[in-house]
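S.K.:
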Amino acid sequence: MRGEHPDPPGSAQQLLVTLGQLVDQALERIKYQRARVELAMALQRHMLPPGLPELPGLRIAARYTPARDGLDVGGDWYDAFVMADGSLALAIGDVQGHDVEAIAFMGQVRTSLRAVAGTTADTREVLARANDLLISMGCGLFATCCFLRFDPVSRDLTVSRAGHVPMVWATASGRTGVALDLGGAPLGIMPGETYPVTRRRLNEGGVLVLLTDGVVEGPRYPIEAGLAEVVRLVEAGRQADPGVLASAVVRVADLTGHRDDAAVLVVRYDGPDADASAP
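Numbering follows full-length UniProt numbering, with no gaps: position 229 of the sequence shown is 229.
1) For R161, which residues does DSSP report across the bridge?
2) Beta carbon of V159, beta carbon of A179: below 8 Å?
3) Taking the alpha carbon of G86 as the reference point, which residue from V267, D273 and F150 has its own alpha carbon closest?
4) With DSSP run on the structure shown, which of helix, strand or coil describes D122?
5) Examine the Cβ distances between the segment 231-244 and the segment 160-174 and report whether three or more of them are shorter than 8 Å.
6) Just verifying my parser: in three-state terms, what is the DSSP assignment at L55?
7) If you compare alpha carbons, which of L58, G218, M190 and A102 is closest to V82?
8) Checking the sheet assignment: what are the DSSP bridge partners for G138?
9) What residue does the beta strand (DSSP E) around T212 start on, and which one ends it?
10) Mark D254 as exposed unless 16 or more other C-beta atoms lie within 10 angstroms of its C-beta, in which case mark it buried.
11) Using a Cβ-Cβ cutoff of less than 6 Å, which residues in the same chain neighbour L148 once the five nearest sequence positions on both sides are dropped?
12) Can you list, in chain order, the residues of its chain whose CB lies under 6 Å from that of D76, leaving out five sequence neighbours each side?
13) Any idea if M106 is buried or exposed, counting beta-carbon neighbours within 10 angstroms, 16 or more meaning buried?
14) Could you tell me which of V116, G97 and M137 sits nearest to G214, measuring between CA atoms?
15) Is the segment 183-194 close to the segment 128-138, with three or more CB pairs under 8 Å?
16) Three-state secondary structure (DSSP) at R110?
17) Cβ atoms of V250 and R129: under 8 Å apart, would you say?
18) Quick one: what does DSSP say G243 is sitting in, helix, strand or coil?
19) On a CA-only basis, which of R201, Q108 and C146 is nearest E125? Give me that one, please.
20) Is it right to say A115 is buried, meaning 16 or more other beta carbons lie within 10 angstroms of its own, or is it exposed?
21) Residues bridged to T171 by DSSP?
22) Give the single residue among L210, E217, L265 and G184 whose Cα lies nearest to the Cα of A61.
23) Inspect the beta-carbon positions of L48 and Y78 and report whether they are closer than 8 Å.
24) Report the partner residues of R199 according to the DSSP bridge assignment.
25) A84: buried (16+ other C-beta within 10 angstroms of its C-beta) or exposed?
Here it is in structure tokens:
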């Protein structure tokens, strides 16, 4: 009678040992990746400003949400600080890549912008010099950025962009739009790059909304649709507290099905009448 021969006892035992080793290796990889992500998220939190400046007639709020995929921690950032001449600097940007290296480069970009802004108030010069500085470091990464300067005395607003998503604006009287200003290449790509500057004067109150592409672009949304949704929210919430508006805008990312980080920076300007009444 012909029958099947069972495997030798050693074969089954060896199979169990091999499976056990594979499970151990998988658990170690999971622990390593979890620690890497936790480190990246901690770094990212510490790279963002701990607070936002307060100026008469101006209110600022920011919101940030991490990528949906925990392995894709990115390098979105925002910043706001008072410059040496008393004007307000605002910046928002997005670093290429989704890893610890991207977050480290994000810190270098933010630090470079602050350092250069301490020597010049010209937004195009800030971006141009920061660009050359980053290239000289040889990091091999790049970042988009939008950099603004607002002078609360003259009410002049200057804007320069480095390949970044345009900002959305609304006035107290009800006008809204997307600021499709000219811009240059992202930071960290080409030495000697020039960055156009757009100048405006804020003659009435309103809001400016700066954001990253993770807010308005995703698998389910082209960027045009995302920006249109933000315009709708800004128009409806132009009189709202900037924190409330920032929270509403960052939730647009949920509609897009984004896997990227999402950052929003909202500035509400109360208008020249508020400036005149300030002590």
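C-beta: ideal position from N, C-alpha, C; glycine also.
Model, not experiment: these values are computed from the prediction.
M.R.: So, from the data block:
1) Checking the DSSP bridge columns, you'll see R161 partnered with C146.
2) It is a contact, given that the beta carbons lie within the stated cut-off.
3) Among V267, D273 and F150, the Cα nearest to that of G86 is on F150.
4) D122 falls in the coil class under three-state DSSP.
5) Under the Cβ criterion (8 Å, minimum of three pairs), the segment 231-244 counts as touching the segment 160-174.
6) Strand, per DSSP.
7) Of all alpha-carbon atoms in L58, G218, M190 and A102, the one lying nearest the alpha-carbon of V82 is that of L58.
8) Note: G138 sits in no beta bridge, so no partner.
9) Element bounds for T212: n/a, residue is neither H nor E.
10) It is exposed - the Cβ of D254 has fewer than 16 other Cβ atoms within 10 Å.
11) Contacts found: L90 and V159.
12) Hits under 6 Å: D94, T212, D261 and A263.
13) Burial call: buried.
14) Nearest C-alpha to G214: G97.
15) Touching, per the Cβ criterion.
16) DSSP, read as helix, strand or coil, puts R110 in helix.
17) Here R129 is not near V250, since their CB atoms are 8 Å or more apart.
18) Here G243 carries a helix assignment [DSSP, helix/strand/coil].
19) Nearest to E125 by C-alpha distance, out of R201, Q108 and C146, is C146.
20) Burial check for A115: the Cβ neighbour count within 10 Å stays below 16, so the residue is exposed.
21) DSSP output for T171 lists G206 as bridge partner(s).
22) Comparing Cα positions, the closest option is L265.
23) It is a contact, given that the beta carbons lie within the stated cut-off.
24) Within the DSSP secondary-structure output, R199 pairs in a beta bridge with T158.
25) The residue is exposed, with fewer than 16 neighbouring Cβ atoms inside 10 Å.
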